[in-house]
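For reference, the structure discussed in these notes is given below.
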Amino acid sequence: MVRILIVEDDEAIANLLYMDLRDEGYQCVNAYDGKQAADLLEENTDFDLILLDIMLPEIDGYELLEYIKPTEIPVIFLTAKGTVNDRIKGLKMGADDYIVKPFQSGEVIARIEAVLRRYGKSEKRLNFADVKVDLESRKVFQEGKEIDLTVKEFDLLVELIRNKNIAQYRDKLYEKIWNEPFMGDTRTLDTHIQRLRKKLGWEDYIKTVFRIGYRLEG
């Protein structure tokens, strides 16, 4: 799973980014000042990308970028410093992209995907239990045998694996997969979940969460 470090001292912005990116299947960690981010990076450097504010307490983003460079982790600046000179400075220092506040989450996600593709870090495969999912070919294999899934069954499986052990609300899950407002009828979603369970033999893995929805356990 792609891991992203969010370094942002505005907790509301940081938490919003965390939730939006988590919903897209990314694993995120928040740091609310430069020193906390430096400590996290000292502990481990297995992050695939860093979203970095410039105006941070303790250690600012420019100084932190110098610390990050040797790790070769791609960095996207998120900042209110939006002049041309600020952008040029950030990019010349080695940032891979520069996003000016206020921003839309969709723009941030698109920029992240572009940088990850450039570095060859885009998520290509998912594994859970005895199942392997190839995201590029949209094929699913169980113990080496290809499992025939419909488009929506495949999308549901990916969403459940990316959020394993987290309860998924029926309405949010439906809107994510069908890309349309949830009108209160759960039959379509429930039927697809039942088929997915049967095709994979995952009755013990895909749990029904009373009055909420579903959770993939394991």
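Quick note on numbering that gives the first Met the number 0: the sequence shown kicks off at 0 and runs consecutively.
Idealized CB from N, CA, C, for every residue including glycine.
Check: Three CB pairs or more closer than 8 Å across the segment 65-84 and the segment 40-53; Outcome: yes
Check: With 16 other Cβ atoms within 10 Å as the buried cut-off, status of G105; Outcome: exposed
Check: D237 (DSSP reduced to helix, strand or coil); Outcome: For the chain, the structure presents residues 0 to 217; residue 237 sits outside this window and is missing.
Check: Inter-residue Cα distance where the pair is W201 and A113; Outcome: 35 Å
Check: A30, DSSP secondary structure in three states; Outcome: strand
Check: Residues near D8 in its chain [Cβ-Cβ closer than 8 Å; skip 5 each side]; Outcome: Y31, D32, D52, M54, L55 and P56
Check: Inter-residue Cα distance where the pair is G24 and R161; Outcome: 5 Å
Check: Sequence-distant residues of its chain with Cβ nearer than 6 Å to L16 (five each side left out); Outcome: I5
Check: Alpha-carbon to alpha-carbon, L40 and E158; Outcome: 29 Å
Check: DSSP state of I146 mapped onto helix, strand, coil; Outcome: strand
Check: Buried/exposed call for E135, threshold 16 Cβ in 10 Å; Outcome: exposed
Check: Residues bridged to K138 (per DSSP); Outcome: D133
Check: Burial state of D96 (16 or more Cβ within 10 Å); Outcome: buried
Check: I58 versus G212: straight-line alpha-carbon distance, rounded; Outcome: 43 Å
Check: Stretch pair the segment 132-147 + the segment 180-197: three plus CB contacts closer than 8 Å; Outcome: no
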